[in-house]
Each structure stands twice: as structure tokens, then as C-alpha cells.
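Visitor: Dumping the structure here so I can ask a few things about it.
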Amino acid sequence: MLSYFHTKNVLPKINWRFSLKLAFAIFISLFANHYFSPTHQGWIVLCTVLVMLTATGSALYQGLLRYLFFLGIVVFVTELFSSPDLLFGRVYDVSLGAVIGIVINLLIFPDKVDVEFRHATLPLLKSYSDYFIAIVDSLLRPDPLAVDNAKKKVEDCLLVLPSWVYEIGFDITLQKSYQYFLFKVDHVGEILFSMHYLARHSFDPLLIEKIQKPLEQCKAGVQQFFSALVTVLALKKLNEGIEDFAGDIAKLENNFRAAVPLSLELLDISKEYIYLAEFIYELKELRTILLKLVEALR
Amino acid sequence: MLINYFYKIRLKSSLQKLARLQKTFFACYFKRDYLTKQFFYEKIIHQQRLACLHAMQKMPQTVSSLMEIIFSLHQLRHRIKDYTIFEVCERELKEIERVSTSLLTKLTHSQSNLNLLLEKIHLLERIYHNTLRIVTPDPIVFLFFIQDLYSFHQSLRTVLLTGSVVK
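Chains as they are written, first to last, in this note's numbering: chain Y, 290 to 587; chain D, 80 to 246.
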């Protein structure tokens, strides 16, 4: 349930750092409520907590938005249901609470967007690699259980992806690059789900045998790219000599063409041919995306 | 009976989320500004994808495979570099979107609607053979799209037929 709200960016990530920060802010706001509040009605504490519940990387923008929204509600409710004499006091309390909340949110244990981003995407890339291996293995030697288990891990990782990079108010200097990376990571996920659906179909064993060797080599090539991405995101030194396995892809296509007519008029003679052609097409797309990501991160 | 009832509610909610995702994907082709507003569309797709993934966690494999097919179907948005090509088949695509999202949002097995979807896919296939195959730089991507549409129809038929049965 909590992860659902994280995906909606309603709540920040609740960890020990945020809990400590919030506890400190509540302490300061209680102190302020006791000594500086004209109303002593707890508006300072309430507003402090509210402006701190922001998505990662958007502490100032979302904090200010929440303050203005809450201020509007307080003014509206006070004018309609309460004595207008209390208005100034409540506005003062809400504003003080917002200042306390936003300043503490920005200065005490500030968001480390790069760390959060890497912590979320690293496990996903590892699970993508395992999923991809399971998909290719299932094509060569059917094993639905292994693929489904790998798929489950991918889905669990996708549910906690850092969606906050898409939020308005996210650091504008980082927005484009983080959004690009997330977009490409999502694209890889879609390709893998698609390859899984294609690999579920049954194929002529003789046809599979013809493409088995180059497919195994392509599998190793893709694994190598995933490893490189994981290495870079784990802030380790990347070894030189990453092969882009273009030759293996070309070999795979040649072996497939030798077994199956690739002219469009003849390809749809059999669904099996189209599914396998699409599988190989997506393998090429996957290679292209991963190559771009590795080059971008180097 | 009670379990069946709650399962049907979850199934209906999951299919509605898939319908929303499907609608957003198709909007990329109709508005034809996907390539210039990529992050705008992908943000919406990302949110809807997450909602679908949440919903699919409690669904049987027949339903979650629908999501896989939809992802496969809409790889088309990445494969086309000139979106003016969609003017050729816009009407057919709109009809397919209308019928498919209608089937997903109404959890009723309607053979006539399923036949209507099949008919629309046939129409698109005819356009592909007569026109798209010649004017598209990489026509094979439309062949993949059409084949995935047939798979989608087949999968949807299975889900709707067994929709009242608890898995």
C-alpha cells in the first residue's frame, strides 16, 4: 500500500533519515507553538508536517505549493466558520510552520537525488539482466517457471522506480538527464515484457537450432551491457573493451534469413516466423538502447 | 460466491487501467506530436504503467499477458520516425482503439464486439497490404503491430470468456 503512494509521489520515502528530520521539525514546531504562536492551536505543527511531505528533489517547490494550498484552506475555513479575529494569528502560525518545515527539509539530511536514483535503478537493471537471460533460455529450452520468477522480480523493482524525476519542481539542472535515463529504463522494461510474450509461443525446434549459437552470443553481449551499467551506477571503474556485438546480431539475422523468407509477402505465411522476426528486431532495439546508455554514462 | 464477486471487481479495475494505458498509447499516434513531446507522454505512460503493474500483481497470467501484448503492440511509437504516416490509417486505428477500450472497460463477454474488433483489425491489415507496405520506410513494424493486434484479440477473448471464473 505504501509503495502505491510512493508511485503517486504523495509521500516521500520513509526512512531513518526522513524520520529523524521529521521528529526534529516537530520538536522545533512544538517549541515555536508554545512560545511564539498567537493562537496555540497547533497550526504551526500541522503546517510543518504538511510542507515536509514532498517528493524527493522537490522540497522547495512542493513545500511552497503545499503551504499556499493549506493557507488558502485555513483562510477560507476561518472566514466562513470561525471568527475573523483569529485570521491573522492563524496565517502567522501557518507561515511560521511552513518556514520551519521547508528550511529543515532543505538543510537537515537534504535529499541526495543521485544516491536515491541509483539505489532504485541498480536492482532493476540487475533484475532486467536475469529476466533477459531467462527469456532467451526459455526460447531455447522452455522453462516458464524460471521466466515468471524473474518477471516477478522485475515487476517488484519497477514499482519503486524514482517517478519523482517527472515531478514539477524537481531540480531543473538534473531533470533532463534523469528523465532521459528513466525513460530509457522504462523502454527496456517494455521490450523485455514484449520479448517474454513472444518467447511464450512454440517454435519449430529445427528453426531454433539454426539461430541458437548466435542467439547465445547475443545473450552474452546484452548481459555485458547490463553489467557495465550496473558497474557505472555502483560507482565502480568500468573495464575497457566492451563489445557492441554487432557482428553477432548480423550473424543471427543471417541464420534466420537462411531458414525463413524475410520478404514481407512470405513472412506472414506462418505466425511463428513473424514472432521470431519480431523477437530478433527487439533484440536489436535492446542492444541499441543499452549501447546508448553505456556511452552516455561512460 | 463472495470470492468470485471480489475477483470480478479486481478484474474490472485491472482491465480499466489497461484501457486507460491503451488509450494513452493510441493518443500518441492521433495527436502526432509524440516525437516533440516525448517526455510529456512518457510521464503519463509511466504513471499508468505503474498503476497497471500494481493491479496485475493479483491477476492470473491470462490477464497479465494482456499487458505484455499491449507493451509489444505499442513499441510502434518508438519505431516510426515520421508520424504523418498515421494519417493513412488514422480512421482504422481510432476504430480499433474505440472497440478495444470498450471491451476492456465493460467486463461482459460480447461476441459481436469481439467480432467487430477482429473486423477492424482486418481493415487495418487491408490498408497495410494496399498502402502502408509501400509508403512506410520500414513496413515490417506494421506487420508486427497487426500480428500483435490479433494476439491481443485472442487474449482478450480468453479473458472475457473466463472473466466470471476465479483463478
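From the three backbone atoms N, C-alpha and C, an ideal C-beta is built for every residue, glycine too.
Would you verify that the beta carbon of Y:F406 is, or is not, closer than 8 Å to some beta carbon of chain D?
Guide: On the first sequence, residue 406 of chain Y is found 117 positions in, with the first residue counted as 1. No, its Cβ sits nowhere closer than 8 Å to a Cβ of chain D.
Visitor: Considering Cα atoms alone, identify which of Y:N543, Y:G510 and Y:A523 is closest to Y:F534.
Guide: For the purposes of this step, residue 534 of chain Y is taken as the residue at position 245 of the first sequence. Considering only alpha carbons, the answer is Y:G510.
Visitor: Against chain D, with Cβ distances strictly below 8 Å, would Y:S483 count as a contact?
Guide: Within the first sequence, numbered from 1, the residue matching residue 483 of chain Y stands at position 194. Output row for Y:S483: interface = yes.
Visitor: Looking at the structure shown, is Y:H329 part of a helix, part of a strand, or coil, going by DSSP?
Guide: Counting from 1 along the first sequence, the entry for residue 329 of chain Y is found at position 40. The answer is coil: DSSP assigns Y:H329 none of H, G, I, E or B.
Visitor: For Y:F661, is the classification buried or exposed, using 16 other Cβ atoms within 10 angstroms of its Cβ as the cut-off for buried?
Guide: Absent from the structure is residue 661 of chain Y, since the part of chain Y shown begins at 290 and ends at 587.
Visitor: Have a look at D:M146, D:P139, D:Q140 and D:D112 and flag the residue whose alpha-carbon is nearest the alpha-carbon of D:Q95.
Guide: The residue given as residue 95 of chain D occupies position 16 in the second sequence. Out of D:M146, D:P139, D:Q140 and D:D112, D:M146 has the C-alpha closest to the C-alpha of D:Q95.
Visitor: Which ranges does the alpha helix (DSSP H) cover as unbroken runs of at least 4 residues, wholly within the stretch 440-490 of chain Y, from first to last along the chain?
Guide: Qualifying alpha helix (DSSP H) stretches, in chain order: 461-488.
Visitor: Since Y:F492 is in the alpha helix (DSSP H), which residue starts that stretch and which ends it?
Guide: Position 203 of the first sequence, counting from 1, holds the residue named residue 492 of chain Y. Taken as a continuous stretch (DSSP letters only), Y:F492 belongs to no alpha helix (DSSP H), as it is neither H nor E.
Visitor: Apply the 10 Å Cβ neighbour rule to D:L214 and answer buried if 16 or more other Cβ atoms are within range, or exposed otherwise.
Guide: On the second sequence, residue 214 of chain D is found 135 positions in, with the first residue counted as 1. Note that residue 214 of chain D is Val in the sequence shown here, rather than Leu. The residue is exposed, with fewer than 16 neighbouring Cβ atoms inside 10 Å.
Visitor: Using CA atoms only, rank isn't needed, just tell me which of Y:K465, Y:F313, Y:T410 and Y:G361 is closest to Y:D445.
Guide: The sequence position of residue 445 of chain Y within the first sequence is 156, counting from 1. It is Y:T410 whose Cα lies nearest to the Cα of Y:D445.
Visitor: Work out the CA separation of Y:C507 and Y:I531 for me, nearest whole Å.
Guide: For this step, residue 531 of chain Y is matched to residue 242 along the first sequence. For this step, residue 507 of chain Y is matched to residue 218 along the first sequence. Using only the alpha carbons, I get a separation of about 13 Å.
Visitor: Got a sec? Which residues, its chain only, sit under 7 Å from D:D227 by beta carbon, not counting five neighbours each side?
Guide: Here the question's residue 227 of chain D lines up with position 148 in the second sequence. Around D:D227: I148, S151 and L152.
Visitor: D:T141 and D:T241 - do their beta-carbons sit closer together than 8 Å?
Guide: Numbered from 1 along the second sequence, position 162 holds the residue referred to as residue 241 of chain D. Numbered from 1 along the second sequence, position 62 holds the residue referred to as residue 141 of chain D. Contact flag set, yes.
Visitor: Between the Cα of Y:D400 and those of Y:Y562, Y:F472 and Y:L349, spot the shortest distance and give me the residue it belongs to.
Guide: The residue you call residue 400 of chain Y lines up with position 111 of the first sequence. Measuring from the Cα of Y:D400, the nearest candidate turns out to be Y:L349.
Visitor: Just tell me which of Y:G346, Y:L413, Y:E561 and Y:V334 has its CA closest to the CA of Y:V474.
Guide: For the purposes of this step, residue 474 of chain Y is taken as residue 185 along the first sequence, with counting starting at 1. Answer by Cα proximity: Y:L413.
Visitor: Of all the beta strand (DSSP E) runs that stay within the bounds of the stretch 532-579 of chain Y, which reach a length of 3 or more residues?
Guide: Listed in chain order, there is nothing to give.
Visitor: Please report whether the beta-carbon of D:S144 lies at a distance below 8 Å from any beta-carbon of chain Y.
Guide: Counting from 1 along the second sequence, the entry for residue 144 of chain D is found at position 65. It does: the Cβ of D:S144 has a partner Cβ on chain Y nearer than 8 Å.
Visitor: Verify the CB distance criterion: does Y:K560 have a CB-CB separation below 8 Å to chain D?
Guide: By 1-based counting over the first sequence, the position of residue 560 of chain Y is 271. At least one chain D Cβ lies under 8 Å of Y:K560.
Visitor: Report yes if the CB atom of Y:V338 is closer than 8 Å to the CB atom of Y:L360, and no otherwise.
Guide: Your numbering for residue 338 of chain Y matches position 49 in the first sequence. Your numbering for residue 360 of chain Y matches position 71 in the first sequence. No. Outside cutoff.
Visitor: State the Cα-Cα distance for the pair Y:K310 and Y:G346, rounded to the nearest angstrom.
Guide: For the purposes of this step, residue 310 of chain Y is identified with residue 21 of the first sequence, where counting begins at 1. For the purposes of this step, residue 346 of chain Y is identified with residue 57 of the first sequence, where counting begins at 1. Distance between the alpha carbons of Y:K310 and Y:G346: 15 Å.
Visitor: To the nearest angstrom, how far is the alpha carbon of D:S144 from that of Y:T343?
Guide: Translated into positions along the second sequence, residue 144 of chain D becomes position 65. Translated into positions along the first sequence, residue 343 of chain Y becomes position 54. Each residue's alpha carbon lies about 35 Å from the other.
Visitor: Do the stretch 382-396 of chain Y and the stretch 322-342 of chain Y meet, that is, are 3 or more Cβ pairs less than 8 Å apart?
Guide: Judged by Cβ distances under 8 Å, the stretch 382-396 of chain Y makes contact with the stretch 322-342 of chain Y, as three or more pairs qualify.
Visitor: Our contact map puts Y:G378 next to Y:V334 with C-beta atoms below 8 Å; I'd like the distance itself, whole angstroms only.
Guide: Stepping through the first sequence from its first residue, residue 378 of chain Y is reached at position 89. Stepping through the first sequence from its first residue, residue 334 of chain Y is reached at position 45. Incorrect: roughly 15 Å between the Cβ atoms, too far for contact.
Visitor: Residues of chain Y with CB closer than 9 Å to the CB of D:Q127, please, in chain order.
Guide: On the second sequence, position 48 is the one that residue 127 of chain D refers to. In chain order: nothing, as chain Y lies at least about 11 Å away.
Visitor: Cβ of D:A106 within 8 Å of Cβ of D:L183?
Guide: By one-based count along the second sequence, residue 106 of chain D stands at place 27. By one-based count along the second sequence, residue 183 of chain D stands at place 104. Against a cut-off of 8 Å, the Cβ pair of D:L183 and D:A106 comes out as no contact.
Visitor: Pick helix, strand or coil for D:P216, following the three-state DSSP scheme.
Guide: Position 137 of the second sequence, counting from 1, holds the residue named residue 216 of chain D. Here D:P216 sits in coil by DSSP.
Visitor: Please report the straight-line C-alpha distance between D:N192 and D:F109, rounded to a whole angstrom.
Guide: What you label residue 192 of chain D is simply residue 113 of the second sequence in a count that begins at 1. What you label residue 109 of chain D is simply residue 30 of the second sequence in a count that begins at 1. Cα to Cα, D:N192 sits roughly 23 Å from D:F109.
Visitor: Judging by CA-CA distance, which residue of Y:L354, Y:L375 and Y:V425 is the nearest neighbour of Y:V364?
Guide: The residue labelled residue 364 of chain Y in the question sits at position 75 within the first sequence. For Y:V364, the nearest C-alpha among the options comes from Y:L375.
Visitor: Could you check whether the Cβ of Y:F470 sits closer than 8 Å to any Cβ belonging to chain D?
Guide: Along the first sequence, one-based indexing puts residue 470 of chain Y at 181. Closer than 8 Å: no.
Visitor: Does DSSP put D:S93 in a helix, a strand or coil?
Guide: In the second sequence, residue 93 of chain D corresponds to position 14, counting from 1. Three-state result, D:S93: helix.
Visitor: Output yes or no for whether 8 Å exceeds the beta carbon distance between D:H125 and Y:S452.
Guide: Residue mapping note: residue 125 of chain D aligns to position 46 of the second sequence, counting from 1. Residue mapping note: residue 452 of chain Y aligns to position 163 of the first sequence, counting from 1. Going by C-beta atoms, D:H125 is nearer than 8 Å to Y:S452.
Visitor: What residues of chain Y sit near D:I213, judged by a beta carbon separation below 9 Å?
Guide: Here residue 213 of chain D refers to the residue found at position 134 when the second sequence is read from its first residue. None at all; the shortest Cβ gap to chain Y is about 10 Å.
Visitor: Looking only at its chain, what residues have a beta carbon closer than 8 Å to the beta carbon of Y:A523, apart from the 5 residues adjacent to it on each side?
Guide: Numbered from 1 along the first sequence, position 234 holds the residue referred to as residue 523 of chain Y. So the list reads R407 and L411, once near-sequence residues are dropped.
Visitor: Measuring CA to CA, which of Y:F459, Y:A321 and Y:M484 is closest to Y:G352?
Guide: Indexing the first sequence from 1 puts residue 352 of chain Y at position 63. Residue Y:F459 is the option with its Cα nearest to Y:G352.
Visitor: So that I know if they touch, is there some Cβ in chain Y lying closer than 8 Å to that of D:S151?
Guide: Taking the second sequence and counting its residues from 1, one reaches residue 151 of chain D at position 72. Yes, D:S151 counts as interfacial toward chain Y.
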